[in-house]
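First residue of the sequence shown? That's 21 in our numbering, and the numbers climb one at a time after it.
Positions of the beta carbon are idealized from the N, C-alpha and C atoms, including for glycine.
Quick caveat, the model's predicted, so the values are computed rather than measured.
For reference, the structure discussed in these notes is given below.
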Amino acid sequence: ANTFEMDDQIENGDAEGANTTEFYSGSSKYNITVEADPTDSTNKVWMLNPANENVWNYIRTKFVWEAGKTYTIDFDARRTGKLGDGSTHPDASSKLVFNARYADTAGTNGVEHNPEATKVEITNDWKHFTITYTVATTLDTSADSSSHELTFYVDPKNSLGVGYMMDNIVVR
21 ANTFEMDDQI ENGDAEGANT TEFYSGSSKY NITVEADPTD STNKVWMLNP
71 ANENVWNYIR TKFVWEAGKT YTIDFDARRT GKLGDGSTHP DASSKLVFNA
121 RYADTAGTNG VEHNPEATKV EITNDWKHFT ITYTVATTLD TSADSSSHEL
171 TFYVDPKNSL GVGYMMDNIV VR
């Protein structure tokens, strides 16, 4: 269950609600489902089921960012320990990348994409994370905000997707 006061722009960040499509992959190569937490069967989590190919596995939701505003993003995350072919991940941890997406006049291809400053280490155990992020003042306010997203991803390992879980996603 979510222990934070949830911002009204994020729906079902704790995966306990009826909307099981609020978070999505944006790809047909892998999927995101709501599953029972393997460490607590009374808790539901967002499960990213990895692709059996060289894919950056994203979990996404719509979120309208405001230029120059600073946000605090809280979440819990852990790996499943599995790669896309079902094999065990060979490393003790992986980097989970927070990635705000919005039209940005100074961004790559006109889109904000700054993964370098926002990586956290996830392991096969649950960890809580807090990230502070300030939106660029170059956010393109003339662009359609329907493409704005709050996203996270993990890089592939051995040319295979990496499975992970998230819970209690809150933006303040």
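Simplified DSSP assignment, three categories, for residue i
| i | result |
| --- | --- |
| Ser114 | strand |
| Ser61 | strand |
Pair within 9 Å by beta-carbon distance, residue i and residue j
| i | j | result |
| --- | --- | --- |
| Tyr91 | Val191 | yes |
| Val155 | Gly88 | yes |
| Asn51 | Tyr173 | no |
| Thr53 | Thr40 | yes |
| Asp187 | Phe149 | no |
| Ala97 | Ser167 | no |
Extent of the continuous beta strand (DSSP E) to which residue i belongs
| i | result |
| --- | --- |
| Val174 | Glu169 to Val174 |
| His148 | Lys147 to Thr154 |
| Glu132 | Here Glu132 belongs to no beta strand (DSSP E), and DSSP marks it neither H nor E. |
| Leu103 | Thr90 to Leu103 |
| Lys177 | That residue, Lys177, is in no beta strand (DSSP E); it is neither H nor E in DSSP. |
Residue from the options with nearest C-alpha to residue i
| i | options | result |
| --- | --- | --- |
| Ser113 | Ile52, Ile30 and Lys147 | Lys147 |
| Thr108 | Asn178, Asp187, Met186 and Tyr50 | Asn178 |
| Asn144 | Ile189, Pro110 and Tyr44 | Pro110 |
| Phe43 | Ala120, Thr125 and Leu170 | Leu170 |
| Ala126 | Pro58, Val117, Ile142 and Asp160 | Asp160 |
| Trp140 | Asn119, Arg80 and Ala56 | The residue asked about is misnamed: residue 140 is Val in this sequence, not Trp. Val140 has its Cα closest to that of Asn119, out of Asn119, Arg80 and Ala56. |
| Ser165 | Thr81, Glu55 and Gly37 | Thr81 |
| Arg99 | Lys49, Gly37 and Trp66 | Trp66 |
| Ser48 | Ile79, Phe83 and Arg121 | Ile79 |
*Between the stretch 95 to 105 and the stretch 67 to 80, are three or more C-beta pairs nearer than 8 Å?*
Taking 8 Å as the limit for Cβ pairs, the verdict is that the stretch 67 to 80 does touch the stretch 95 to 105.
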